[in-house]
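Colleague:
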Ligand SMILES: [Zn+2]
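In the working numbering, the protein residues as written are 1 to 364.
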């Protein structure tokens, strides 16, 4: 046995034949950089490969990756990387894994793969991919994976049920229990029940705010709130949300269309992701609604909505730079800023700093 200097942990013993081992390389007990390695008979299946964004106490750090050291010498044993959904904390580290071995197959839903492919293109990597959908069963070496529809704050999320000779695991990915999602695609509890009858040896489940009793706000309840705020606004409206929250953006587009405003996407990931979502049919964009950010100065203030990144206070994102007066969009007196996203635990200081900055500029 060897000890790693960093953690003092010992290397686990050799895995007996037919035994399943699960090693989280990130995401366990923390928000972000989700990555789990399933291991049996010398082969590895990876579920998710995300990043963690640095906190304000970590200056100079761009991204925090999962700890790849456990698999560094075993990259050729990886049979596939299953991606449950397209959030950064689930796909963001894929380019850094593929830089080590570029032909690891990526498995995920249509939208998830489209988002990671766009990201990989920026790294000049063309991945091997397999698109799957709910109900589909695929075999990767000693792992058989069955995919289950789950609802989340990004479309097309999947849970994965993993069958191996050493046991079965249901890995939910992130999920929500919204019974009225915009796309009608709810978390498939009947499918879960069927797998339960077959037998689940291990249930791995993750859902933000799972410790808070009660129900989460249904996505459809956001629309009327947006409408009310749009009706009150007399100047420009700036809405910030996750650049992957297609259904939230959809409701902003709908409210804008209703109130005769044009929408400009602001922030690189917002522009990129919404182009993908529209192309694949996840986002319904009324004709003539979208304008380029370069052209908004030609429109009266009360005809403009800016759909922006930066709702979590990310320092380089568009909203943060607007709050610092460091963006081409100059926020002024009477503009309305809507943070259309819940606050991820840990981002409080950064978000309130932005709110302070925007208030000082005169925004509502
Ligand atoms: Zn997620």
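Note that CB positions come from ideal geometry on N, CA and C, so glycine has one too.
1. Using a Cβ-based criterion (distance less than 7 Å to any ligand heavy atom), does residue 171 qualify as near ligand 1?
2. With H, G and I counted as helix, E and B as strand and the rest as coil, what does DSSP make of residue 21?
3. In this structure, does DSSP put residue 94 in helix, strand or coil?
4. With residue 189 as the anchor, note down where its alpha helix (DSSP H) starts and where it stops.
5. If residue 362 and residue 332 are in contact, beta carbons under 8 Å, what's the gap, nearest whole angstrom?
6. Can you tell me which of the three DSSP states residue 216 falls into?
7. Going along the chain, which unbroken runs of the alpha helix (DSSP H) with 4 or more residues stay wholly within the stretch 62-108?
8. Kindly give me the distance between the Cβ atoms of residue 240 and residue 311, rounded to whole angstroms, as I take these residues to be in contact under 8 Å.
9. Using only alpha-carbon positions, find the residue among 59, 250 and 33 that is nearest to residue 340.
10. Could you check whether the Cβ of residue 174 sits closer than 7 Å to any heavy atom belonging to ligand 1?
11. Quick one, are the C-beta atoms of residue 186 and residue 85 less than 8 Å apart?
12. Do you know how far the Cα of residue 192 is from the Cα of residue 214?
13. Have a look at residue 88 and residue 51 and give me their C-alpha separation to the nearest angstrom.
14. Measure the C-alpha to C-alpha separation of residue 115 and residue 90 and round it to an integer number of angstroms.
15. How would you write the range of the alpha helix (DSSP H) that residue 269 sits in, first residue to last?
16. What would DSSP say about residue 116, mapped onto helix, strand or coil?
17. With DSSP run on the structure shown, which of helix, strand or coil describes residue 302?
18. Are the Cβ atoms of residue 157 and residue 173 separated by less than 8 Å?
19. Would you tell me roughly how many angstroms separate the C-alpha atoms of residue 392 and residue 13, rounded to the nearest one?
20. Could you give the C-beta distance for residue 222 and residue 338, rounded to a whole number, given that I count them as a contact under 8 Å?
21. Any heavy atom of ligand 1 closer than 7 Å to the CB of residue 327?
22. Less than 6 Å between C-beta atoms, sequence neighbours within five positions excluded: which residues of the same chain meet that for residue 257?
23. Would you be able to state if there are at least three C-beta pairs under 8 Å between the stretch 39-59 and the stretch 90-106?
24. Can the beta-carbon of residue 372 be found closer than 8 Å to that of residue 247?
25. Quick one: using the 10 Å Cβ neighbour count with 16 as the cut-off for buried, is residue 180 buried or exposed?
26. Residue 3 by DSSP, collapsed to three states: which one?
Modeller: This is what the structure gives:
1. It does not: the Cβ of residue 171 is nowhere closer than 7 Å to a heavy atom of ligand 1.
2. In the three-state scheme derived from DSSP, where H, G and I count as helix and E and B as strand, residue 21 is classed as strand.
3. Three-state DSSP puts residue 94 in a helix.
4. Boundaries of the alpha helix (DSSP H) around residue 189: 189-198.
5. Between residue 332 and residue 362 the Cβ distance is about 6 Å, and since that is below 8 Å, they are a contact.
6. Note: residue 216 maps to coil in three-state DSSP.
7. If we require 4 residues or more, the alpha helix (DSSP H) runs fully inside the stretch 62-108 come out as 88-91 and 94-98.
8. Yes, they are in contact, since the Cβ atoms of residue 240 and residue 311 sit about 4 Å apart, within 8 Å.
9. With distances taken between Cα atoms, residue 340 lies closest to 250.
10. Correct: residue 174 has its Cβ closer than 7 Å to ligand 1.
11. It is not a contact, given that the beta carbons lie outside the stated cut-off.
12. Roughly 21 Å separates the two Cα atoms.
13. Looking at the two C-alpha atoms, the distance is approximately 6 Å.
14. In this structure, the alpha-carbon of residue 115 lies about 11 Å from that of residue 90.
15. Looking at the DSSP string, the run of the alpha helix (DSSP H) that includes residue 269 is 268-279.
16. Annotated three-state conformation of residue 116 is helix, per DSSP.
17. The answer is helix: DSSP assigns residue 302 an H, G or I state.
18. Their beta carbons are under 8 Å apart, which means residue 157 touches residue 173 by this criterion.
19. Because the chain in this structure spans residues 1 to 364, residue 392 falls outside the shown range and cannot be described.
20. Not confirmed; about 10 Å, so no contact.
21. With a cut-off of 7 Å, the C-beta of residue 327 is classified as distant from ligand 1, since no heavy atom of the ligand falls inside that distance.
22. Result list for residue 257: 286 and 289, in chain order.
23. Contact holds: three or more Cβ-Cβ distances are below 8 Å.
24. Residue 372 lies beyond the residue range present for the chain, which begins at 1 and ends at 364; the question has no answer from this structure.
25. Here residue 180 is exposed: its Cβ has fewer than 16 other Cβ atoms, across all protein chains shown, within 10 Å.
26. Low confidence applies to residue 3: its pLDDT is 49, below 50, so where it sits in the model is not reliable enough to give any reading.
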